[in-house]
Structure formats: structure tokens, C-alpha cells
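Below is one structure, written out as C-alpha cells; comments come after it.
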Amino acid sequence: MNTYFIKRFIAMIITLWLIITGTFFLMHSVPGSPFNEERTTNEAIQKNLEAYYHLDEPLIVQYGNYLSSLLHLDLGPSIKKSSQTVNEMLGRGFPVSFELGFYTLILAVISGITLGIIAALRHNGIIDYLSMSIAVLGISIPNFVMATFLIEQLAVNIPIFPVATWSSPKHMVLPILALATGPMAIIARLTRSSMLEVLTQDYIRTAKAKGLSPVKIVFKHALRNALLPVVTVLGSLAASILTGTFVIEKIFAIPGMGKYFVDSINNRDFPVIMGTTIFYSAILILMLFLVDLAYGVLDPRIKLHKKEAK
Amino acid sequence: MELRKQEEQNISPGIPDEWFVPSVQNQAEAEAVVRPSLSYWKDSWYRLLKNKLAMAGMAFLIILALFAIFGPIISPHSVETQKLTSQNLPPSSEYWFGTDDLGRDVFTRTAYGARISLFVGLVAALIDFIIGVVYGGIAGYKGGKIDNLMMRFVEILYGLPYLLVVILVMVVIGPGLTTIILALSITGWVGMARIVRGQVLQIKNYEFVLASKTFGTKTGRIIRKNLLPNTMGPIIVQMTLTIPSAIFAEAFLSFIGLGIQAPHASWGVMANDGLSTILSGYWWRLFFPTLFISLTMFAFNVLGDGLQDALDPKLRR
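Chains as they are written, first to last, in this note's numbering: chain H, 493 to 802; chain Y, 1173 to 1489.
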């Protein structure tokens, strides 16, 4: 376990370093300086600006500086909003985005698992077909389409919920719903198919033969094993929720990290793009790492296989 | 000897010897198969035909392809012509899907968006297929250290958040159709490579591959003729599932302003334009592009599921 943990940890650091390096050089390969726009300042001012942001130094020195400031968890200043640093922006945006993402994940996991269990228990019944149709629909409808549909129906046509912003629990309902449908559908399908597989296993038959109640069989014996595949996709689901927050925050005018990210893309504010990308990637890689560890803890069989499989 | 003769006689007490004539059997007839033999592909095809949902998806996709090809031709309006006298008109016999705020015909633009979506989806899937099959094929076939090294690289790419990478690349090389496809292909092939590699790893140990090797067949030929045809099932399924994710990515990018640029029409661009007028009640501007995005993704997803069931009956549940 320990060597595996260390190996994964090192791999995680390497991946993160690759992302940082890749992002840095990609961003600096964009031709032109961020300061030549239409209302160009005169050359002296431009020189000063470049000196202020260290853009006049050789690329490799800039890279070194950036890495060392990253080690101090400093993501640098924004170029377009000169009074702000990337850290301040993330500090303001992250709690909001985290709230949105966290509730979304909770809703998706709970409703997805419930839907999947019901479908598996009523295999090939009407409820099964119905919930699986809902699931395929949920996977097919992009989150921004879902969001616009919800706004149109539940905020404009029948004004139950507010159209936008993020100030009260009532404001949170539509964005969370819009963001949770896709992940929920994926979890539901996965739970269903792994439940169906587990339910045919011998130990379930044994449990039935012992005369255990169906509730106990499902929750105590079947579900524990059926949920393992669900745990593995949590990492990639977190990724899709994360990218989903970009559009959802844009549509609902939520002042989260995603909004800063999309704004910075449109403004070509490279330090902000770089900082948010690295921050996002770090979160995601950490999630994948934790999921992997959790998986090893939850399923003792994995440890044995890992050595041969990889 | 004595005993045996006695036994022979005992077998047929009272039955005339001429009854014991071997029946004349037609060898060819005995070998004939009554039920027509089905190849793997035919068998899968029949299974797919029975799947109503998958067939509905396929039917929709055929209609969509026709719509994409002929829609802009049969429509009396062009994609980019702006007519300021007919802004935001609701659907009518003149404008079948209505018009947008610049007086452009939504029907023509939707059909044009279908072209872009299908093009992006198919080309992205094709590129993923080529890179993924070559990469995964080599890794799986060579095995050992080479496989280990190649898969380490794939693992790192697999850990990267797909859309984030695509967004970064789009920022650097600028928006447009070619860059979308390029950005999607940079990490898109990874899933395909993993599937092909896993399949090849398994199949290469079968006897017929060994036989082929013993005959001195070259590696390239073994991969092409022996291994790939047997991995085609999972590859096709993976491709049908790549297409909707590419279509989604294009719509997503266009929606946040990084994809197809005006004046070109894409479903994502149209949805984004339509969203800003949602409070004005011009529902058709949002409705048609989003309807087409969702239906297309739905059709590809159910077709992919159906293909999975049809091509791999063992996995069927």
C-alpha cells in the first residue's frame, strides 16, 4: 500500500508539473505582447509595463520565476485588471464555485444511485425502461441546453425561481439542477449495470437462501460491491462538473471561478488563464488521486491485482 | 469364433437378412446446414435491427445527414444574408424556423449548423480512430517495456481534463473549425488507444496469431489482418460514442465564444445568441438549435448503446 501510495503521489506531481510547463509555454507562444492593442501606449510605457510583469526577460528565466512563485502559492498579478492578483480572484470565486460543484455532486450521486438501484431491481420492467430513458436523455442533453430550458420553463414561463445570480438557496436550485442531470444519468446507468451483475452472483443467492429480507440483501450485500465502479468514475465526473461550471456560471451570472476563467479567455488575460488552469488541474488531479486511494481502501482485491496489471 | 457366429445369428431372430442393408446416404446432404450460417457481422446486424431505440437513432441520423446536405439547398434563404426588415419573425411558411435578430433564416442556419456538427464529429472520430488504432495496436502488440512506456504517456494524457486542454489550445491557436478539430484530436485519441491496446493484448495470444507468426507473416500484416478485424467491435462502439462527445465539445466551445465565429452558423453559436433574447420571447431562436443538439447526441448515444449490445452479446444485460 505504501509503495503504491508513493508511486501515485510522484506520478501526480509529475502530471501537475507537465501541466504547468505545458500551460506556461503554450501561453507564451501566443504571438504579440498583451499590451499591443488598439489604444497602444507609447513605447516607453510599454517597456515599463513589460518590465513590471517581467516580460522582457528571457523565457526560461520567466519560467523559473513562475515556478518559484508557484511554490509560494503565488499565481501572479492579472494583466487586464491591474489592481488584482490571480490569487484574489480565485479566493473570491472559488468558494462560490465549490458550493455549486459540491451540491451538484451530492445531488447527482444520491439521485443517480437511487435511480440505478430501482432500475436494476425492476429489470426489464416499465420503471427500468423509464429511468434508463431518462438517463440517456440526461447524458444527451448538454448542460447549457438544460440550463436554458430550465430558465425558460421555471423562471420565465412559470416564474417560480429567479433567473440568475447566487444570493439565496432559491437562486441555487436551477443551476444545480442543470449541472447535475448529466452526472446523475451517468451514475444511474453505471449503478444499474453493476447492480445487475452483482445480483446474479452466488453470494446473493446464498443470502436469499438464508432468508434475508430483500432490503438487507440489496443494501448490505449487493450495493456495497455494486458501488465500486461508481467510485471510479467520481474523478472524471468531478472534471465534467468542473468544466460544466464555466457555462453554468456564465448563464446564471454566478460570480464563481468559471466566470473569471471565461472572462479571462475573452480578455486574453494570460496570467489569469494560466493561474486558473493550473488551479483547476491541481484540483482534478488531487480528486483522481483521492478516488484511486479510496478505491484501494474500499476494495481489498485491488491491491493484489495492481502489481500484475500495471 | 463359435460363440460369435452364434451371437450374430441371435441378433436377427426371424428377421430376413436383406433388411440389414446399410442405407445409402448422400454425404453432401448430411453435411448440409439447414439454418443459414451467420457471420459475426450479419448476426450483430440482426441483433441491431431488433433494437428499436437504436434503429430510431439511426433513422434520425440519416434524416439529419439529408437535412445537412439538402437543407441549405432547398431553403429559399441563404445562411448569411441579413434582412433588417424581417427581424425576429416567428416560424411561418416563409421562414420555417423563424428568423433571428439580423433577419437571418433560422432553418438554413440550423441546417448549416448540422453540417458543422456532423463534420466535426466525424472528422474527430476518424482522427481518433487512426491515431488510437496505430498507437494502441503497436503498444499492445509489442508489449513489455515499449508498451509500459507508451501507456505511461497515455495515462498522463488521460489524467488531463479534456475540455480544459481543448480550451487552452483554442486560446493559443485561435478559434475556428480546423482548430476545434485539432484541439479535440490532441487528447481525444487516448481512449481509443487504451481500448485497442487492451484488445490486442488479449487477442495476440490466440492460436491463429501464433500460426500466422509461424508462417513468417510480417508484423504489420498480422496487426492488419489478424488483430484489427477482431477488435473492430469495440472500436466501432468507441467511435459512435466519440462523435457525440466531439459534437458536444464543439457546441460548448462555440457557446462560450471560443468555437465557430460569426458569421458562420453553429448550433452552439445560435444557442448562445438565442439565450440573450430568452426574456423577449423569441423562443424559436433558442429552441431549434438546442433541440437539434440534444436529438443528435441522443441518437448517437442510443445507437452506440445498441451497437455495444449487438457487437458484444456477452456483455448484454
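Glycine is no exception: its CB is placed at the ideal position from the N, C-alpha and C atoms.
Keep in mind the model is a prediction, meaning the values are calculated, not measured.
Simplified DSSP assignment, three categories, for residue 566 (chain H)
coil
Same chain only: Cβ atoms within 8 Å of residue 1488 (chain Y), ignoring 5 sequence neighbours per side
In this prediction, residue 1488 (chain Y) scores a pLDDT of 45, lower than 50, which makes its location untrustworthy; the coordinate-derived value is nonetheless stated afterwards. Hits under 8 Å: 1481.
Cutoff 8 Å: residue 495 (chain H) Cβ touching any chain Y Cβ
no
Rank H:780, H:622 and H:706 by C-alpha distance to the C-alpha of residue 1328 (chain Y) and give the top, closest one.
That would be H:780, whose Cα lies nearest to the Cα of residue 1328 (chain Y).
Mapping the DSSP letters down to three states, classify residue 1257 (chain Y) as helix, strand or coil.
The three-state reading of DSSP puts residue 1257 (chain Y) in coil, since its state is none of H, G, I, E or B.
Between residue 1429 (chain Y) and chain H, is there a C-beta pair that is closer than 8 Å?
yes
Reduced DSSP category for residue 657 (chain H) - H, G, I as helix; E, B as strand; rest coil:
coil
Mapping the DSSP letters down to three states, classify residue 791 (chain H) as helix, strand or coil.
Reduced to three states, the DSSP call for residue 791 (chain H) is coil.
How many angstroms separate the CA atom of residue 1439 (chain Y) from the CA atom of residue 673 (chain H)?
21 Å
What are the partner residues of residue 577 (chain H), as DSSP defines its beta bridges?
H:569
Applying the 10 Å Cβ sphere with the 16-neighbour rule, what's the burial state of residue 1271 (chain Y)?
buried
Under a Cβ-count criterion, where at least 16 other Cβ atoms within 10 Å of its own Cβ denotes burial, should residue 690 (chain H) be classed as buried or exposed?
buried
Along the region 768-794 of chain H, what residues have a CB closer than 9 Å to any CB found in chain Y?
Taking 9 Å as the Cβ-Cβ cut-off, the region 768-794 of chain H approaches chain Y at 769, 772, 773, 776, 777 and 780, given in chain order.
Beta bridge counterpart(s) of residue 1271 (chain Y) as assigned by DSSP
Y:1277
Alpha carbon to alpha carbon, how far is residue 632 (chain H) from residue 1334 (chain Y)? Give it in angstroms, no decimals.
Take the alpha-carbon of residue 1334 (chain Y) and the one of residue 632 (chain H): they are about 18 Å apart.
Determine the chain H residues that contact residue 1450 (chain Y) at a beta-carbon separation under 8 Å, and present them in chain order.
640, 643, 644 and 648
Chain H residues whose Cβ lies nearer than 8 Å to that of residue 1333 (chain Y):
731, 734, 735, 772, 773 and 776
Using beta carbons (cut-off 8 Å, strictly below), is residue 1465 (chain Y) in contact with chain A?
Within the model displayed, chain A is absent; protein chains H and Y are what it includes.
Run through chain H and tell me which residues come within less than 8 Å of residue 1344 (chain Y), C-beta to C-beta.
518, 519, 521 and 522
Chain H beta carbons: is any one of them nearer than 8 Å to that of residue 1365 (chain Y)?
no
Own chain, CB closer than 8 Å to residue 1459 (chain Y), minus 5 neighbours either side, in chain order:
Within the same chain, and ignoring the five residues on either side of residue 1459 (chain Y) in sequence, the residues whose Cβ sits closer than 8 Å to its Cβ are 1446.
Residue 739 (chain H) and residue 752 (chain H) closer than 8 Å at C-beta:
no
Among H:543, H:501, H:579 and H:555, which residue has its Cα nearest to the Cα of residue 566 (chain H)?
H:579
What is the DSSP secondary structure of residue 1197 (chain Y), counted as helix, strand or coil?
coil
Would you grab the beta carbon distance between residue 1347 (chain Y) and residue 1410 (chain Y) for me? Rounded to a whole angstrom, and I think it's under 8 Å.
That belief does not hold up - the Cβ atoms of residue 1347 (chain Y) and residue 1410 (chain Y) are roughly 28 Å apart, past 8 Å.
To the nearest angstrom, report how far apart residue 1550 (chain Y) and residue 715 (chain H) are at their CA atoms.
Since the first residue of chain Y shown is 1173 and the last is 1489, residue 1550 (chain Y) is not available in this structure.
Given a limit of 8 Å on CB to CB distance, which residues of the region 1413-1424 of chain Y reach chain H?
1416, 1420, 1423 and 1424
When Y:1193, Y:1209 and Y:1291 are compared against residue 1241 (chain Y), the one with the closest alpha-carbon
Y:1291
Within 10 Å of its beta-carbon, does residue 728 (chain H) have 16 or more other beta-carbons around it, so buried, or fewer, so exposed?
buried
Can residue 770 (chain H) be considered in contact with the ligand FAD, in the sense that its beta carbon sits closer than 7 Å to one or more heavy atoms?
The ligand FAD is not part of the structure shown, which contains no ligands of any sort.
Per DSSP, what kind of secondary structure is residue 1387 (chain Y) in: helix, strand or coil?
When DSSP states are grouped into helix, strand and coil, residue 1387 (chain Y) belongs to the coil group.
Taking the Cβ atom as the reference point for each residue, do residue 1275 (chain Y) and residue 1255 (chain Y) lie within a distance shorter than 8 Å?
yes
Under 8 Å (Cβ pairs) to chain Y, residues found in the region 748-763 of chain H
Taking 8 Å as the cut-off between beta carbons, the residues of the region 748-763 of chain H near chain Y are 754, 757, 758 and 760, in sequence order.
Classification of residue 1207 (chain Y) by the beta-carbon crowding that lies within 10 angstroms, buried from 16 upward:
exposed
Using 8 Å for Cβ pairs, my map puts residue 777 (chain H) next to residue 508 (chain H). What's the rounded Cβ distance?
6 Å
For residue 1474 (chain Y), which residues in chain H fall below 7 Å Cβ to Cβ?
628
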